[in-house]
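I have placed the structure first, in the form of structure tokens, so that the comments after it can refer back to it.
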Amino acid sequence: MTQAATPTADTVRRVVRSLLQDSPLHDSPLQDPPLQDGGGLRIAPVAEGGEHSTWFVGAWHVLRLAPDREASRRQRRELRLRELVRPHIGVAVPVSVAHGEWASGLTYTLDTLIPGGSGEQRDVSAVGEADLAGLLSGLREVPGPQAESLGVPRATPRSLETLRAAAERAAERLAAADEFDPARLKQLTAGGVVQLAAQPGAAFLVHHDLKGEHLVVSGDGRVRGVLDWTDAAVGDPTEDIAGLAVAVGAPAAVRAATLAGYGARPCLRGLWLARCDTLTRLADRLGGRSGSPLPLLRAQLAHAWEAILLERLTEDTW
Numbered sequence: 001m002t003q004a005a006t007p008t009a010d011t012v013r014r015v016v017r018s019l020l021q022d023s024p025l026h027d028s029p030l031q032d033p034p035l036q037d038g039g040g041l042r043i044a045p046v047a048e049g050g051e052h053s054t055w056f057v058g059a060w061h062v063l064r065l066a067p068d069r070e071a072s073r074r075q076r077r078e079l080r081l082r083e084l085v086r087p088h089i090g091v092a093v094p095v096s097v098a099h100g101e102w103a104s105g106l107t108y109t110l111d112t113l114i115p116g117g118s119g120e121q122r123d124v125s126a127v128g129e130a131d132l133a134g135l136l137s138g139l140r141e142v143p144g145p146q147a148e149s150l151g152v153p154r155a156t157p158r159s160l161e162t163l164r165a166a167a168e169r170a171a172e173r174l175a176a177a178d179e180f181d182p183a184r185l186k187q188l189t190a191g192g193v194v195q196l197a198a199q200p201g202a203a204f205l206v207h208h209d210l211k212g213e214h215l216v217v218s219g220d221g222r223v224r225g226v227l228d229w230t231d232a233a234v235g236d237p238t239e240d241i242a243g244l245a246v247a248v249g250a251p252a253a254v255r256a257a258t259l260a261g262y263g264a265r266p267c268l269r270g271l272w273l274a275r276c277d278t279l280t281r282l283a284d285r286l287g288g289r290s291g292s293p294l295p296l297l298r299a300q301l302a303h304a305w306e307a308i309l310l311e312r313l314t315e316d317t318w
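End of the sequence shown = 318 in the UniProt record's numbering, gap-free, step of one.
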């Protein structure tokens, strides 16, 4: 299959011009900030884009262009899913004001910009933790069968035993690089792995990618929005607890999950999913198998390995 060219600033301008000419956006705030190059609106790439080519369009919108047909399929699904989750989760979800194809079979969506900064650069306050609790509890209220009817896949819970074995190998490589003390991984015993297995029947809608760049945080530490729902699945809700442990730190993630009604076992399972993941990701990067930024991976590992009160109280069990 012929691979489409990577979208450029000129591609973005072409898409935006067509929207301004042919849609109700003609009288929208899209026209507000003037372009410095005379080509229309101010266009600037977004640093965090995931698998999408993502661009700021003026002061109020973000244009996301799917790079291939699989990403386009998931983007179409995401547009429907966002409408399903919006009434439940208590934080903002981007609104698509226009969508279509930027090349044959390749989709785009022009979304409203949710004001705030990235969760990678801003700390979440205590009130922000309550926002995260509302997100986690709201996702449990989204009807799973309805999400699946939109094409959201069902994900099999991951084996903590398998993840722990991979993390042990990663921890040894990190120890050789003076990045991690592998003795810390012994906190998760074989008995703990068994006790923290995924619970049967506990499948809910899961964002499945709650890293910091997908959390929009205001200056006062409130969580104002959640971005990029393309990886959503119906599955193990502790995956989102794990994502929050990596994004905002283990204590904040566990406090938010506890406020959302999760007990000790799902909180600890999410914590150990995050810890195993951060070890393998950093080891992969140091081994040249990943291009992720080292400072980000080190920060994520530090977040996931922060001690929590629940863990101190139960450390002899796990």
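Beta carbons: idealized from backbone N, C-alpha and C, even for Gly.
- Judged by their CB atoms, valine 216 and aspartate 240 are not nearer to each other than the 7 Å cut-off.
- By the 16-neighbour rule on beta-carbons within 10 angstroms, alanine 233 is buried.
- For arginine 224, the uninterrupted beta strand (DSSP E) segment begins and ends at 223-226.
- A check of alpha carbon separations from arginine 140 across Asp209, Asp228 and Val85 identifies Val85 as the nearest.
- By the criterion of a C-beta distance shorter than 6 Å, leucine 163 is surrounded in its chain by Cys276, once the five residues flanking it on both sides are discounted.
- Contact between the stretch 222-233 and the stretch 186-202 is absent: fewer than three C-beta pairs spanning the two stretches fall below 8 Å.
- For tryptophan 305, the CB contacts under 8 Å within the same chain, skipping 5 residues up- and downstream, are Arg184, Ala250, Arg275 and Thr278 in chain order.
- CA-to-CA, the gap between alanine 92 and glycine 105 works out to about 29 Å.
- For glycine 100, the closest alpha carbon among the candidates Glu83, Leu65 and Arg82 is that of Leu65.
- Three or more Cβ pairs closer than 8 Å define a contact, and the stretch 73-85 meets that threshold against the stretch 145-159.
- For leucine 188, there is no enclosing alpha helix (DSSP H), as DSSP marks it with neither H nor E.
- Isoleucine 43 sits in a strand when the DSSP states are folded into three classes.
- Taking 3 residues as the shortest admissible run, the stretch 46-92 contains the following complete beta strand (DSSP E) segments, listed from N- to C-terminal end: 53-57 and 61-65.
- Counting along the chain, glutamate 306 sits inside no beta strand (DSSP E), nor does DSSP assign it H or E at all.
- Secondary structure of tryptophan 272 (DSSP, three-state): helix.
- Taking all protein chains in view, the Cβ of glycine 191 is surrounded by fewer than 16 other Cβ atoms within 10 Å, so the residue is classified as exposed.
- Ranked by Cα distance from threonine 238, the options Arg222, Gly263 and Arg14 are led by Gly263.
- Alanine 302 and aspartate 178 have their C-alpha atoms roughly 14 Å apart.
- Of all alpha-carbon atoms in Pro266, Glu78, Val142 and Ala103, the one lying nearest the alpha-carbon of histidine 88 is that of Val142.
- Out of Trp102, Arg42 and Phe56, the CA that lies nearest to the CA of arginine 69 is found in Trp102.
- Leucine 163 carries a helical assignment under DSSP once its states are collapsed to helix, strand and coil.
- In the structure shown, leucine 210 falls within a coil segment according to DSSP collapsed to helix, strand and coil.
- Taken through DSSP and simplified to helix, strand or coil, arginine 169 comes out as helix.
- Taking the C-beta atoms as reference points, aspartate 209 is found no nearer than 7 Å to proline 157.
- Below 8 Å, enough C-beta pairs join the stretch 130-137 and the stretch 254-269 to call them touching: three or more.
- If the five residues before and after alanine 166 are omitted, its C-beta is found closer than 6 Å to the C-beta atoms of Thr280, all from its own chain and listed in chain order.
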